[in-house]
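Participant: Structure below; questions to follow.
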Amino acid sequence: MPHWIEAARDKGYDIVARIIDRFHLALRCQHCGELIKVRLFTLISAQPLCSVCTQKQWVLTAQAAGLIFLKRCPDNRHYAFYEAACGHKIRRQFEFAERVAAGKTDLRCDICHKETEMREAAARGWELIGPDPESDPNYRHYRHSDCGHEQRIARANLQTGRISCGACGEQWPAAPSYLYAIQFTLPNSRELVKLGYSNNPESRLYHQLLRDTDMPCEFLRKVSVNSGQLAIRLEKRLHKKLRESFPDAVVPHAVFADQIKVKSEIYDIAMTPVILAELDALAEPTSVSGS
Numbered sequence: 006m007p008h009w010i011e012a013a014r015d016k017g018y019d020i021v022a023r024i025i026d027r028f029h030l031a032l033r034c035q036h037c038g039e040l041i042k043v044r045l046f047t048l049i050s051a052q053p054l055c056s057v058c059t060q061k062q063w064v065l066t067a068q069a070a071g072l073i074f075l076k077r078c079p080d081n082r083h084y085a086f087y088e089a090a091c092g093h094k095i096r097r098q099f100e101f102a103e104r105v106a107a108g109k110t111d112l113r114c115d116i117c118h119k120e121t122e123m124r125e126a127a128a129r130g131w132e133l134i135g136p137d138p139e140s141d142p143n144y145r146h147y148r149h150s151d152c153g154h155e156q157r158i159a160r161a162n163l164q165t166g167r168i169s170c171g172a173c174g175e176q177w178p179a180a181p182s183y184l185y186a187i188q189f190t191l192p193n194s195r196e197l198v199k200l201g202y203s204n205n206p207e208s209r210l211y212h213q214l215l216r217d218t219d220m221p222c223e224f225l226r227k228v229s230v231n232s233g234q235l236a237i238r239l240e241k242r243l244h245k246k247l248r249e250s251f252p253d254a255v256v257p258h259a260v261f262a263d264q265i266k267v268k269s270e271i272y273d274i275a276m277t278p279v280i281l282a283e284l285d286a287l288a289e290p291t292s293v294s295g296s
């Protein structure tokens, strides 16, 4: 018993009595006087937690983070409900509140943030529909207020006004574009193939992609597409399909970094028949439509 008493005192408690059975003790917190039930094994091997002191710390941490602690989340012991400075109720991890209180991260109210994004969209003539349908955190799904057309737009582009409606706009999203496949031959004789899109594939190749203008390269296929917006969607869909179906065919950036000015979208030459078949499947007598 004496070593139990010493262990309890070292951990901020006084032993009051044995309870329930010989394996449980009643402890009194030396800080607040609260009585807690603790297993003997827990007292010896770990730090017993006083529920009153713990909740008090949650309240103090919330205040330091600019929040009001409301209650623990009944569905997950790692979460709690807080009232933000804006008055909205938010659900966050205790650990997140601690990081905000320590100045290691910022707090954002999701409701206020969505309202901000809605105002941003309205100011540019668009309506925020929701998250990006392709799950890119940098994009959102918008509806054009003038014509009702829906499209994905990078939030940064919407904020700066670098946008155009894919249906009624006159800039590149509405202009005709191309999907293309290019073959490259590196100085070590390794052959690669790139799948991409551009409204001017030749300009894209010779003015944007090539670091070494003497490197052998050639277009294998070009498919006309009705709009740049559609070209983006088709290209992303194809890359996703290729990465998931042929992960080993994706060439690491380090292999071509000195010759080609892209970070991805390059595949082993063995993928050429697959890529050309995908492009041929998209090709129509004149162009690819959005249907």
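Per my numbering, the sequence shown starts with residue 6, numbered consecutively. For every residue, glycine included, the Cβ atom is placed at its ideal position computed from N, Cα and C. This one's a predicted model, so the numbers in the text were calculated from it and none came from an experiment.
Ignore the nearest five residues each way along the sequence and tell me which others in C222's own chain have a CB closer than 8 angstroms to its CB.
Facilitator: Within the sequence shown, residue 222 is the residue found at index 217, counting from 1. Hits under 8 angstroms: I187, Q188, F189, T190, L210, L215.
Participant: Rounding to the nearest angstrom, what Cα-Cα distance links D151 and R195 in this structure?
Facilitator: Residue 151 sits at position 146 when you count from the first residue of the sequence shown. Residue 195 sits at position 190 when you count from the first residue of the sequence shown. Their Cα atoms are separated by approximately 50 angstroms.
Participant: DSSP state of T291, grouped into three classes?
Facilitator: The sequence position of residue 291 within the sequence shown is 286, counting from 1. Because the pLDDT of T291 is 42, which lies under 50, any placement of that residue in the model is unreliable, and the number read from its coordinates should be weighed accordingly. Coil, per DSSP.
Participant: Mind checking which residues open and close the beta strand (DSSP E) that includes P206?
Facilitator: What you label residue 206 is simply residue 201 of the sequence shown in a count that begins at 1. Careful: P206 lies outside any beta strand (DSSP E), inside the alpha helix (DSSP H) at 206-209.
Participant: Among the candidates P53, T121, Y147, whose CA atom is the shortest distance from the CA of E132?
Facilitator: Taking the sequence shown and counting its residues from 1, the one referred to as residue 132 is at position 127. Taking only the C-alpha atoms, the option nearest E132 is Y147.
Participant: Could you name the residues of the same chain whose beta carbon sits closer than 6 angstroms to that of V293, not counting the 5 residues immediately before and after it, in chain order?
Facilitator: Start at 1 with the first residue of the sequence shown, and residue 293 comes out as number 288. The predicted model places V293 with a pLDDT of 46, which falls under 50 and marks its position as unreliable; any figure quoted below should be read in that light. Closer than 6 angstroms at the Cβ level, and outside the excluded window around V293, lie V230, L287.
Participant: Between the alpha carbons of G201 and S169, how many angstroms are there, rounded?
Facilitator: Here residue 201 refers to the residue found at position 196 when the sequence shown is read from its first residue. Here residue 169 refers to the residue found at position 164 when the sequence shown is read from its first residue. G201 and S169: Cα-Cα distance of roughly 21 angstroms.
Participant: For I49, which residues from the same chain have a beta carbon less than 8 angstroms from its beta carbon, with the 5 sequence-adjacent residues on both sides left out?
Facilitator: As a position in the sequence shown, residue 49 is number 44, starting the count at 1. Taken in chain order, the residues that qualify are W9, A12.
Participant: My output table needs one value for G108: the three-state DSSP class, helix, strand or coil.
Facilitator: As a first step, residue 108 is located in the sequence shown; it is residue number 103 there, counting from the start. In the structure shown, G108 sits in coil (DSSP, three-state: anything other than H, G, I, E or B).
Participant: Could you tell me whether the Cβ of R97 comes closer than 7 angstroms to any Cβ of chain D?
Facilitator: No chain D appears in this structure, which consists of one protein chain only.
Participant: Given 8 angstroms as the limit, is there contact between the stretch 85-95 and the stretch 111-120, that is, 3 or more CB pairs closer than that?
Facilitator: With a cut-off of 8 angstroms, the stretch 111-120 and the stretch 85-95 count as touching, because enough Cβ pairs lie within range.
Participant: Buried or exposed: M276, going by 16 or more other Cβ atoms within 10 Å of its Cβ?
Facilitator: The count along the sequence shown starts at 1 and reaches residue 276 at position 271. So M276 ends up on the buried side.
Participant: Which runs of the beta strand (DSSP E) fall wholly inside the stretch 136-210 and span at least 3 residues, in chain order?
Facilitator: Correct list: 144-149, 155-159, 182-190, 196-203.
Participant: Check E100 in the structure and name its three-state DSSP category.
Facilitator: As a position in the sequence shown, residue 100 is number 95, starting the count at 1. Reduced to three states, the DSSP call for E100 is helix.
Participant: Going by DSSP, what residue range makes up the beta strand (DSSP E) through H29?
Facilitator: In the sequence shown, the residue the question calls residue 29 occupies position 24. Element bounds for H29: 29-34.
Participant: Round the Cβ separation of L281 and L225 to the nearest angstrom and send it over; I've been treating them as touching at under 8 angstroms.
Facilitator: Numbered from 1 along the sequence shown, position 276 holds the residue referred to as residue 281. Numbered from 1 along the sequence shown, position 220 holds the residue referred to as residue 225. With a Cβ gap of about 6 angstroms, L281 and L225 count as contacting.
Participant: I think V105 touches A159, with their Cβ atoms under 8 angstroms apart; what is that distance to the nearest whole Å?
Facilitator: As a first step, residue 105 must be located in the sequence shown, where it is residue number 100. As a first step, residue 159 must be located in the sequence shown, where it is residue number 154. Contact flag wrong, Cβ pair sits at about 28 angstroms.
Participant: Leaving out the 5 sequence neighbours to the left and right, which residues in its chain are closer than 7 angstroms to E125 when beta-carbon positions are compared?
Facilitator: Along the sequence shown, read from residue 1 onward, the residue named residue 125 stands at position 120. L163, Q164, listed in sequence order.
Participant: For H29, which residues in the same chain have their Cβ closer than 8 angstroms to its Cβ, ignoring the five residues on either side in sequence?
Facilitator: Translated into the one-based positions of the sequence shown, residue 29 becomes position 24. Excluding sequence neighbours, H29 sits near R23, K42, V43, R44, L45.
Participant: Return helix, strand or coil for R129, following the three-state DSSP convention.
Facilitator: On the sequence shown, residue 129 is found 124 positions in, with the first residue counted as 1. Note: R129 maps to coil in three-state DSSP.
Participant: Between the alpha carbons of K109 and R77, how many angstroms are there, rounded?
Facilitator: Residue 109 sits at position 104 when you count from the first residue of the sequence shown. Residue 77 sits at position 72 when you count from the first residue of the sequence shown. One C-alpha to the other measures close to 23 angstroms.
Participant: Using DSSP with H/G/I as helix, E/B as strand and the rest coil, what is A22?
Facilitator: Locating residue 22 in the sequence shown gives position 17, where the first residue counts as 1. Correct three-state label for A22: strand.
Participant: For I237, tell me which candidate among P252, P257, P181 has the shortest Cα-Cα distance.
Facilitator: Along the sequence shown, read from residue 1 onward, the residue named residue 237 stands at position 232. It is P181.
Participant: Just verifying my parser: in three-state terms, what is the DSSP assignment at A85?
Facilitator: Your numbering for residue 85 matches position 80 in the sequence shown. Residue state, collapsed to three classes: strand.
Participant: Leaving aside the five residues before and after F99 along the sequence, list all residues of the same chain whose C-beta is less than 8 angstroms from its C-beta, in chain order.
Facilitator: On the sequence shown, position 94 is the one that residue 99 refers to. Counting only Cβ-Cβ distances below 8 angstroms, and skipping sequence neighbours, we find W63, T66, H83, Y84, A85.
Participant: At which residues does the beta strand (DSSP E) containing S56 begin and terminate?
Facilitator: For the purposes of this step, residue 56 is taken as residue 51 along the sequence shown, with counting starting at 1. Careful: S56 lies outside any beta strand (DSSP E), inside the alpha helix (DSSP H) at 56-69.
Participant: For the putative contact between Y272 and L197, defined by C-beta atoms under 8 angstroms, what is the C-beta separation to the nearest angstrom?
Facilitator: Numbered from its first residue, the sequence shown carries residue 272 at position 267. Numbered from its first residue, the sequence shown carries residue 197 at position 192. Indeed, because the Cβ distance is near 7 angstroms, the residues count as touching under 8 angstroms.
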